[in-house]
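Position 176 of the sequence shown, counting from 1, maps to 190 under this note's numbering, and the rest follow consecutively.
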Amino acid sequence: MDKNQGYAILKAVMLENGRGFALGEHPTAPSRYVTWACYDDKDGQRQYEWGHYGNDRTAMEQDFTDRVQDYQRIYNVGIRQTEAPGLYKYYSTQRPVDIGTFPKPPYNKPDEIFNYDQRIPVENGSFLAWGYLTYTRPLTEKQASDYELRPAPDNPDRPRPIAEQMKNAAKLAEADRG
Numbered sequence: 015m016d017k018n019q020g021y022a023i024l025k026a027v028m029l030e031n032g033r034g035f036a037l038g039e040h041p042t043a044p045s046r047y048v049t050w051a052c053y054d055d056k057d058g059q060r061q062y063e064w065g066h067y068g069n070d071r072t073a074m075e076q077d078f079t080d081r082v083q084d085y086q087r088i089y090n091v092g093i094r095q096t097e098a099p100g101l102y103k104y105y106s107t108q109r110p111v112d113i114g115t116f117p118k119p120p121y122n123k124p125d126e127i128f129n130y131d132q133r134i135p136v137e138n139g140s141f142l143a144w145g146y147l148t149y150t151r152p153l154t155e156k157q158a159s160d161y162e163l164r165p166a167p168d169n170p171d172r173p174r175p176i177a178e179q180m181k182n183a184a185k186l187a188e189a190d191r192g
């Protein structure tokens, strides 16, 4: 999990133009919560700026949502990825998770590593795995394939099943008709 000025980043949204927003928490700070504008510099290090501080989590979550939506409306950009600790899950299908069996990209270390006692069926029996890792940010396809990791089907960056896409499209079409 990322930290900035003692605040643990609870979630972040990165937009198509490389800018984004983050929500952080620091239990002992005078202002427990903060929302920041953020971007990744040329070295991939996350930079934070323009903080809004407060003590009410609900109000700060609303501030986070408002800042993202306002920025999207003003600059006409979409969301590239959502980040939160443990949000991206990858299964180790070939061996138990151990030293040297998973990627450790800079600024995206695993949040959780879990090994099963044996290779077991996962994701409703669709494949077998020795364990899993979770990350705050998605791995690249190359990182996952180099270590023979399989992304969980419900990761936010994975395409939704066609049946689910069709249902959502039908709901939108129905809503447009009135």
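Cβ atoms here follow ideal geometry from the backbone N, Cα and C, with glycine treated the same way.
Keep in mind the model is a prediction, meaning the values are calculated, not measured.
Euclidean distance between Cα positions of residue i and residue j
i	j	result
Gln108	Gln95	28 Å
Thr194	Lys185	No answer is possible for residue 194: it lies beyond the span of the chain, which begins at 15 and ends at 192.
Val90	Arg33	Position check: residue 90 holds Asn in this sequence, whereas Val was assumed. Approximately 12 Å between the Cα atoms of the pair.
Ile23	Ala187	37 Å
Asn129	Ala158	17 Å
Gln76	Gln132	43 Å
Asn18	Lys181	40 Å
Asp112	Pro165	18 Å
Leu142	Tyr105	9 Å
With 16 other Cβ atoms within 10 Å as the buried cut-off, status of residue i
i	result
Asp190	exposed
Ile134	exposed
Met28	buried
Asp84	exposed
Backbone secondary structure at residue i - three-state DSSP
i	result
Arg46	coil
Lys156	helix
Arg33	strand
6 Å Cβ shell around residue i - same chain, five flanking residues per side excluded
i	result
Arg151	Glu97, Asn122
Gly65	Val48, Trp50
Asn169	Tyr102
Gln61	Tyr53, Asp55
Residues near residue i in its chain [Cβ-Cβ closer than 8 Å; skip 5 each side]
i	result
Lys118	Pro124
Arg81	Phe35, Thr49, Ala51, His66
Arg46	Glu39, His40, Gly68, Asn69, Arg71
Residues near residue i in its chain [Cβ-Cβ closer than 7 Å; skip 5 each side]
i	result
Gly58	Pro120, Tyr121
Test: residue i CB closer than 8 Å to a CB of chain B
i	result
Glu162	Considering every chain present, this structure includes no chain B. It has just one protein chain.
Output the residue ranges of the beta strand (DSSP E) runs that lie fully inside the segment 158-189 and measure 3 residues or longer, sorted by chain position.
163-165
If you scan the segment 56-134 from start to end, which runs of the alpha helix (DSSP H) of 4 or more residues do you find wholly inside it?
71-89
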